[in-house]
Structure formats: structure tokens, C-alpha cells
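Protein chains in written order, with my numbering: chain W, 345 to 697; chain U, 345 to 697.
2 protein chains.
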Amino acid sequence: MKTHLGGFGVAFRPHLKTAKSLDVAHIAMTSPEGPAMVSTLREAEYFAEGGVRDMIYGVGIAPGKLARVSAIRVRGVDLAIILDSIEQAGAVAAHARSAGGSLPVLIEVDADGHRSGISPDDGATLIGIGRCLTEGGAVLRGVLLHAGDSYSLSDPASLAAAAENERLAAVKAAGALRSAGLPCPVVSIGSTPTARFARDLTGVTEVRAGVFMIGDLFQVGVGSVAIEDIALTVLATVIGHQRAKGWIITDAGWMALSRDRGTARQAVDQGYGVVCDLSGQPFPDLIVADANQEHGIVAVRRGSSAALPDLPVGSRVRILPNHACATGAQHDRYHVLGGTGAVGAVWPRINGW
Amino acid sequence: MKTHLGGFGVAFRPHLKTAKSLDVAHIAMTSPEGPAMVSTLREAEYFAEGGVRDMIYGVGIAPGKLARVSAIRVRGVDLAIILDSIEQAGAVAAHARSAGGSLPVLIEVDADGHRSGISPDDGATLIGIGRCLTEGGAVLRGVLLHAGDSYSLSDPASLAAAAENERLAAVKAAGALRSAGLPCPVVSIGSTPTARFARDLTGVTEVRAGVFMIGDLFQVGVGSVAIEDIALTVLATVIGHQRAKGWIITDAGWMALSRDRGTARQAVDQGYGVVCDLSGQPFPDLIVADANQEHGIVAVRRGSSAALPDLPVGSRVRILPNHACATGAQHDRYHVLGGTGAVGAVWPRINGW
Numbered sequence: 345m346k347t348h349l350g351g352f353g354v355a356f357r358p359h360l361k362t363a364k365s366l367d368v369a370h371i372a373m374t375s376p377e378g379p380a381m382v383s384t385l386r387e388a389e390y391f392a393e394g395g396v397r398d399m400i401y402g403v404g405i406a407p408g409k410l411a412r413v414s415a416i417r418v419r420g421v422d423l424a425i426i427l428d429s430i431e432q433a434g435a436v437a438a439h440a441r442s443a444g445g446s447l448p449v450l451i452e453v454d455a456d457g458h459r460s461g462i463s464p465d466d467g468a469t470l471i472g473i474g475r476c477l478t479e480g481g482a483v484l485r486g487v488l489l490h491a492g493d494s495y496s497l498s499d500p501a502s503l504a505a506a507a508e509n510e511r512l513a514a515v516k517a518a519g520a521l522r523s524a525g526l527p528c529p530v531v532s533i534g535s536t537p538t539a540r541f542a543r544d545l546t547g548v549t550e551v552r553a554g555v556f557m558i559g560d561l562f563q564v565g566v567g568s569v570a571i572e573d574i575a576l577t578v579l580a581t582v583i584g585h586q587r588a589k590g591w592i593i594t595d596a597g598w599m600a601l602s603r604d605r606g607t608a609r610q611a612v613d614q615g616y617g618v619v620c621d622l623s624g625q626p627f628p629d630l631i632v633a634d635a636n637q638e639h640g641i642v643a644v645r646r647g648s649s650a651a652l653p654d655l656p657v658g659s660r661v662r663i664l665p666n667h668a669c670a671t672g673a674q675h676d677r678y679h680v681l682g683g684t685g686a687v688g689a690v691w692p693r694i695n696g697w
Numbered sequence: 345m346k347t348h349l350g351g352f353g354v355a356f357r358p359h360l361k362t363a364k365s366l367d368v369a370h371i372a373m374t375s376p377e378g379p380a381m382v383s384t385l386r387e388a389e390y391f392a393e394g395g396v397r398d399m400i401y402g403v404g405i406a407p408g409k410l411a412r413v414s415a416i417r418v419r420g421v422d423l424a425i426i427l428d429s430i431e432q433a434g435a436v437a438a439h440a441r442s443a444g445g446s447l448p449v450l451i452e453v454d455a456d457g458h459r460s461g462i463s464p465d466d467g468a469t470l471i472g473i474g475r476c477l478t479e480g481g482a483v484l485r486g487v488l489l490h491a492g493d494s495y496s497l498s499d500p501a502s503l504a505a506a507a508e509n510e511r512l513a514a515v516k517a518a519g520a521l522r523s524a525g526l527p528c529p530v531v532s533i534g535s536t537p538t539a540r541f542a543r544d545l546t547g548v549t550e551v552r553a554g555v556f557m558i559g560d561l562f563q564v565g566v567g568s569v570a571i572e573d574i575a576l577t578v579l580a581t582v583i584g585h586q587r588a589k590g591w592i593i594t595d596a597g598w599m600a601l602s603r604d605r606g607t608a609r610q611a612v613d614q615g616y617g618v619v620c621d622l623s624g625q626p627f628p629d630l631i632v633a634d635a636n637q638e639h640g641i642v643a644v645r646r647g648s649s650a651a652l653p654d655l656p657v658g659s660r661v662r663i664l665p666n667h668a669c670a671t672g673a674q675h676d677r678y679h680v681l682g683g684t685g686a687v688g689a690v691w692p693r694i695n696g697w
């Protein structure tokens, strides 16, 4: 991802919410100080403690969180926030005035109707927010977009079109601000699919992506990650069989795998995950077909003629996840595998808010 | 639940996996020492540390976990295990002989085809496992069943029938063991729906249930919990609006609510949860219609004519969960509300294995 985006001459701001691990962040970031994106203030505090100095908190700010933002900033961290309404801008400007020091803000722009953000066509609101911030005492740093609807795509042409749509929306919003004499130094876009499939980033200053750094079956379905590049598995133990039904029962249920069933809406439904041998090689058509809290029900995919492998009680298997962010969050650490498959370092991760 | 089951003269063994909190366990259990059920050895260790002395680890044992079981037992905890195969029974008996001390085992019996367990009609395997255990050096304590398929029901007559089916399977399996001269002092059944709807528990010695102690929207759909008795909400803050779409955006996405969408397969789909005011009163037809990692998209249920409430940025709402076990696991503590709605004690909880 670094190489790919470096070729476009844009900054790369990895989203650290996927792994929530300083060790992973050090691999993903272009420098130990960032830039980086976070999804919670808990992440901002954790990564600040770990030396990251350039972050954006990528969830629309609530006024009640501004004191915590300022507490991170006074530690020398350039933590920026995002918002998409005049009412938030007013609260942020008032806080900036009372707290002193600068408070950089990006206006969230809606690339594709996915969730939050101002329409790039709504120049009046964009300019209104920009003026409220700059005249009120905060710092307008730019615009930020996330083409979340790209997750529903799976062919390269549509993904490239989604990336171009995201870019055009960003450039239009930035242009609206600048035409009103407002600053817009940062034009930030990104999602793993659009970052991967963008062909032109003219007018963009930085790109964000997160899930690419681990990868998962959902992104394989989108086409933005190869299955052999998925870097996270859940290690499970066989605890029984229902041979008449063709079931192998493991001790990795949805508590270990997460309840995420993202691939259920893709062309290939991977159940709760793809079952691999200890070396990470998938068994043919073997998936976690169902899950209880601490039980995984492993079976051959419906319609497949693949044989159920012989896995006696006590056998260990590795399960590729639907969604790296969700599965990782069910755990408090990563056990790092060396080239030989031996467990090496333990990398802690955080959860919570 | 204590009163209800006490009327039948059976022991009550609450399943502590729902809350994973010693404070909650102390309310749920009939004594501070148990009995109790756990779903992981991490729970067994945590509750042993907290003084619980009578537990069953309710996931089929893998031989590699027996040393950890023994380490808990030598601390004076009567921790029993379950299994459903001759191969497990052989491994357990061998461990019991080599480790010394008693190792009590319940044979898991399949009540309804839900996941694990020996068919109650397969007397030969039940007796074979029983003999392997008792002759090999372990202790056969009885049989254990879980009518998990009761979760798919919603009318009282079917639920009562599922409970009776669970009881009959248990009695039949116990009878098979006893007719072969094997001991079967414990006949353990249970699930929240069947515990609630059982009309006869003849031949049963103990009943287990877990999710009842917190309750959730899924159990409301089953009919085993009333919505006003759900004891857990996620506190969320409004961070924005997409007024043209009728959306209110909050900072409680699936990371806070869990990915559990259990009500999607019930008569009333509650999305990612029902939205309430701060006092816990649901807004009419207001649900979390969709969720991203840290964003909840709140909207009026499709087809409803209810008005979207006026909730400016910064407003706080409470969200009732689909599944108490899954939502609780996304957090590391409970903030306990007093009668006035004020936050009182903080109750820690555990996760992990």
C-alpha cells in the first residue's frame, strides 16, 4: 500500500483501528510518528503513548469529547477531529477559544451516501462550517471522505469508478471552500478498496486505508486482498464430531471469530470463516458453517463434493476471518508466527473507548 | 428463575458466560460458592479466584486442556468437564490416572440436534463412554443436555414441548447408564427458554440458564424475557444527522453493540438494537438500522409512521442489545445504574480464554 500510494505522490495515513496494536502500526505507518487514523479516543491515547504524533480521530466529534481531545493535544500530539454540522462547528470553535491552543478540524464530506458527511454539492453548508470554525477560533485543516459503499463492489472497473467518484467529491468540496477564501490544505480520502483501485489522485493530498494491513475474507470477496495475504487466523481445537451430519465441532465459536458474517452478502458465503491446516493452507471448501458462543460447527460448503478431512479430537486448525477488525477485537493479543509456523512474539492490542 | 426452579425441587446452576462478572454471579447464584456453569477455562479460573467452588466447564473437553482443569481442581474447586466420545473418555481416564485425584465427567447428550452430544437413543455409546471413564479412573457424574434449538421458537406451547423433549432425552440417557449399573447422580438440562417454559422436571436434578439474568431483544422475541426486564444498555451519543434520509448517527457502532443480528431471523427485526431515552424508555419504532465499526445509523423502523425524535448532536441515548452475551463481551465493565438513573458502582467483567 505504501508503494502503491507513494507512486501517486500522496501521503499515506493508515487506519489503526484494524489492528489496534502499536507493533502493527509500526509496520503500517510511513514513520513511527505517523501519520495515522484512529476510530476512538482510546486509540488516540494509546498510540500517543506509543509515540504517534499525527492522528485524525475519524468519527464525528461530540462536544462532550473535546476536553479529552485537548488533553491529548497538550501532550504534543497533532490530533485533528472531524465534523459535519454547523452545530458541531460552533461547539468546537467555542471550545478552541476557551481552551486556547489550536484545534484542527476536517469537514467530513459524503462521498457516496454511506453514512455521515456534507454533500459535496452543498457548498453553502461547507462554507458555513468553514467560516464558523475559522472565525470562531478553530483551525480548518481540510476535508475528509470515506467511500464506504465501495465495500459492496467486487469488479475492478466499478471499484476504480468508486475511487474516482470519491476523488471528485473531495476535489469539489475542497474547491468550494477555497473559492470562498477558506483554507483547505488537506484533502483526505480513502478505504481499502478505493485506495487499492484508484487510478488518479489529482487534487488529493492523503489517502487512508486500514483493513488491507491484515486482510480478510470480505476483502477477498471485494477483490482488494488475496486470500494468501490474510495475516490473521484464529487457532482452534477440534472437540468433537457429529459424523452423521458431517460436522466437526471446534472450540472457536462466535466469541473467538466474532459475529461478523459480512461474506453472507457476497458471491461466496464463507460462513464464520475458512478452515485451514496449521500451516494456513485452506482445506477444500471447509468452512465454519455455524457458530455458538464457544462452539464452531465446521462442515464442507453446501453443494461441494469435497471430503471432510480426518481431524480427530485435539487436532488444531486455523480459521481465516470474515472481518479482521471484528475478529481481532475479540482478543487482547496477537501471537506472531515465524516463517516456520512457530509462535514468536506476543503483540498486545487494545479495545474499548 | 431461582423461585421458578425452586418450585420444581431442582438445583439451579446459572451459566456465568452471559455476564462474566463476579458481581452479577453473586446475584444469579444460589450461594457464593455456586453451583455455576462456565464456557471457558478463563471463566473457571476467574470465578474460582472469586470463591466459586462448584462449576461445570460446558464445552467438550480437549485433551490439551486437562492440565489446566487439574490446576483449578487442586485449588479445591469441584470443576467438572463434559465430553461426548470414547476417544475423549480414554484421554480423560488416562489423565485422571496419571494426575491422581478425582476428575468428574458428565456425558454430553444431544437433546435436539443443535450441536454436540450423544443421541439418547445410542445407549451403546453412552454405556461405552461411562465404562471407559469409570473403569479407567475418572468419575462419571451424570449427563448434561442443552436444548439450543429452543432459541428458534416463540410460542409457549412449542417452548413447553421443547422443554419436555429435553427432559425426556435426559431421563432416557440417564436410564441407559443406570440400567448398565453405571452411576448417574446428576441429570443436568437447560437453556433460558426451556428453563422458563418447563412444566415438569421429573428425573432432572439441576437446570442451567444464563442469558435470562440480563435478557435481550432476542429472548424477548422468543418470549422468555420481557423487554422492560432487559438489564443491559449501551450508552451512546448522537454525533450527527442525515436529515434527508431520516438518519441519526451515533458513536455506538457494531464494536459497541456487537455484530449480533439475532433478531433478523425473528418476527420482529430489531436491527442492531432498540433506541431508548436515558431513562431506558424505548422511542417508538426507533432502532439502530445499520452500523459501521464506530457509527450507529438510527432510523425509524421501515413501514412505521412514528416520528423521528429530535435528538441534537450531543444527546445521549441507551440501546437495548440483540444478544446480551455478545454485546457484553465488547466491553470490559458494567456501569451500574441506581434507581434514579445515576451511575453507581463499576462492575468489572472478563473476556478471553
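Glycine is no exception: its CB is placed at the ideal position from the N, C-alpha and C atoms. Please read these numbers as outputs of a predicted model, since none were measured by experiment.
| query | result |
| --- | --- |
| Pick from Glu377/U, Ser532/U, Ile558/U and Val483/U that is closest to Gly332/U, judged by C-alpha positions | In the structure as shown, chain U begins at 345 and stops at 697. Residue 332/U is therefore absent and cannot be evaluated. |
| Enclosing alpha helix (DSSP H) for Pro500/W [first to last residue] | Pro500 to Ser523 |
| Neighbour flag for His585/W against chain C, beta carbons, 9 Å | This model lacks chain C altogether, as its protein chains are W and U. |
| Ala380/U - partner residues in DSSP beta bridges | Met399/U |
| Contact list for the segment 391-421 of chain U against chain W, Cβ threshold 9 Å | Gly402, Val403, Gly404, Ile405, Ala406, Pro407, Gly408 and Lys409 |
| Local Cβ density within 10 Å of His679/W, reported as buried at 16 or more and exposed below that | exposed |
| Which of helix, strand or coil DSSP assigns to Pro407/U | helix |
| Arg459/U to Val453/U span [Cα, whole Å] | 10 Å |
| Pair within 9 Å by beta-carbon distance, Val644/U and Ala635/U | no |
| 9 Å Cβ cutoff met for Arg357/U and Val555/U | no |
| Residue ranges of each alpha helix (DSSP H) within the segment 548-591 of chain U, 4 or longer | 561-566 |
| Proximal residues of chain W, C-beta to C-beta of Thr384/U below 7 Å | Glu638 |
| Alpha-carbon spacing of Lys361/W relative to Tyr616/U, whole angstroms | 21 Å |
| Min CB distance His679/U to chain W below 9 Å | no |
| Collapsed DSSP secondary structure at Trp691/W in the structure displayed | strand |
| Any chain W beta carbon closer than 9 Å to Ala599/U | For clarity, residue 599/U is Met in the given sequence; the question names Ala instead. It does; some Cβ of chain W falls within 9 Å. |
| Counted within 10 angstroms of its Cβ, other Cβ atoms place Thr607/W as buried (16 or more) or exposed | buried |
| Any C-beta of chain U under 9 Å from that of Ser446/W | no |
| Which of helix, strand or coil DSSP assigns to Ser535/W | coil |
| Cβ-based contacts, 7 Å cut-off: residues of the segment 599-617 of chain W near chain U | Met599, Ser602, Arg603 and Asp604 |
| For His679/U, the residue or residues it bridges with in DSSP | Val690/U |
| Min CB distance Thr347/W to chain U below 9 Å | no |
| Cut-off 6 Å between Cβ atoms - residues of its own chain near Val661/W, not counting five sequence neighbours on either side | Ala580 and Val619 |
| Cutoff 9 Å: Ile325/U Cβ touching any chain W Cβ | Past the edges of chain U, shown from 345 to 697, lies residue 325/U, and the structure says nothing about it. |
| Leu450/U vs Ser414/U beta-carbon contact at 9 Å | no |
| Coil, strand or helix - Phe356/W by DSSP | strand |
| Gly420/W versus Ile473/W - alpha carbon distance | 26 Å |
| Whether Trp598/U touches Val642/U by CB criterion (9 Å) | no |
| Three CB pairs or more closer than 8 Å across the segment 371-379 of chain W and the segment 684-693 of chain W | no |
| Neighbourhood of Arg397/W by C-beta, 8 Å cutoff - its chain only, sequence neighbours within 5 removed | Glu377, Gly378, Gly420, Val421 and Asp422 |
| Val530/U versus Leu489/U: straight-line alpha-carbon distance, rounded | 11 Å |
| Arg575/U and Ala668/U closer than 9 Å at C-beta | The residue asked about is misnamed: residue 575/U is Ala in this sequence, not Arg. In this structure, Ala668/U lies closer than 9 Å to Ala575/U by Cβ. |
| Selection of the segment 352-366 of chain W by Cβ proximity to chain U, strictly under 8 Å | Lys361 |
| Backbone CA spacing between Thr347/W and Ala355/W [nearest angstrom] | 11 Å |
| Where the segment 646-661 of chain W meets chain U: residues whose CB sits under 7 Å from a CB there | Pro656, Val657 and Gly658 |
| Cys669/W, DSSP secondary structure in three states | helix |
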